[in-house]
Amino acid sequence: MLTGKCVDPMKRVPLGIGGFDELIQGGLPVGVSVLLMGEPMTGKTTLAMQFLYNGLTHGDVGIFITTNATAEDIKERMASFGWDTTPYEEKGLMKFVDCYGMMVNSRLTDTFSIKRIPSILALTNISVVLSEICGHFWRLQKIPRIVFDSVSSLLMYANPSTVVRFLHVLLGKFRSVNAVSLLLLEEGMHDKTLEITLQQLVGGVFRLVRKNNERALICLGLPSTRCVGKEIPFIITDEGILVKKT
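Adding 61 to a residue's 1-based position in the sequence shown gives its number in this note's numbering.
Now the structure itself:
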């Protein structure tokens, strides 16, 4: 089993959102998993993609686990913001784990940068593939940035207790390679007890809100960080998320 490299416990990786990173002391602590909560259309996936691409441009590596769209859909959506992952894929620095594509098109196959999972319920397959990719990045001595989009889709197919146990082990694997991960959750789809259970699994919680077409990000908790518990207004532009100046 992989064991964590010795890294500076104060080391952080920036989200890549100017105006917000400064409020969380420069970014996310290495090795932390963050639950990114919010109702639909609040900007969760956009924030997660921006976080991932920012890492690629700063020497980190990326893994995007998709359960509700094909890897090609995610790549296209990222490219619409100018975030082209292809050069990083060609260098082996960016991987996609597609848990959705083969459910809608059984003809889809693996590529150099895309690993297909036959079904969202194939949790063992997902775990094995992620262990292989994390091992690859471990040998490169790179910090992985991981996005899981989304936990809610997984909960549509699998029993909640099964999902919680799966995530408990998976997040342990992520920590062992000093990965920084974002797990997306659709707020309002699940009962409060389950939401609290998921919050206890992770190291931090961010919440996105939208009121009268105004969006805001709230840091509810983050290890070793003085979280600003207020709403931080932001907008989504052609270049991604920007914090609004007040």
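Glycine included, every Cβ here is placed at the ideal spot set by N, Cα and C.
Just so you know, these numbers come straight off a predicted model, no measurement behind them.
Sequence-distant Cβ neighbours of Asp-82 in its own chain, meaning closer than 6 Å and more than five residues away, are Pro-75, Leu-76, Gly-88. Between Leu-169 and Val-212 the beta-carbon gap is near 23 Å, outside 8 Å, which marks them as no contact.
Thr-286 and Ser-167 have their C-alpha atoms spaced approximately 45 Å apart. Residue environment analysis places Ala-140 among the exposed positions, since fewer than 16 neighbouring C-beta atoms fall within 10 angstroms of its C-beta.
Approximately 4 Å separates the beta-carbon atoms of Pro-205 and Ala-240; this is inside 8 Å, confirming the contact. DSSP places Met-139 in the uninterrupted alpha helix (DSSP H) bounded by 132-140.
Leu-278: member of the beta strand (DSSP E) spanning 275-282, first to last residue. Under DSSP, Glu-292 forms no beta bridge with any residue.
Per the Cβ contact rule, the region 287-294 is not in contact with the region 118-134 (fewer than 3 Cβ pairs under 8 Å). In the pairwise beta carbon analysis, the region 105-112 is classified as not touching the region 214-233: fewer than three pairs are separated by under 8 Å.
Assigned with DSSP and collapsed to three states, Asp-82 falls in helix.
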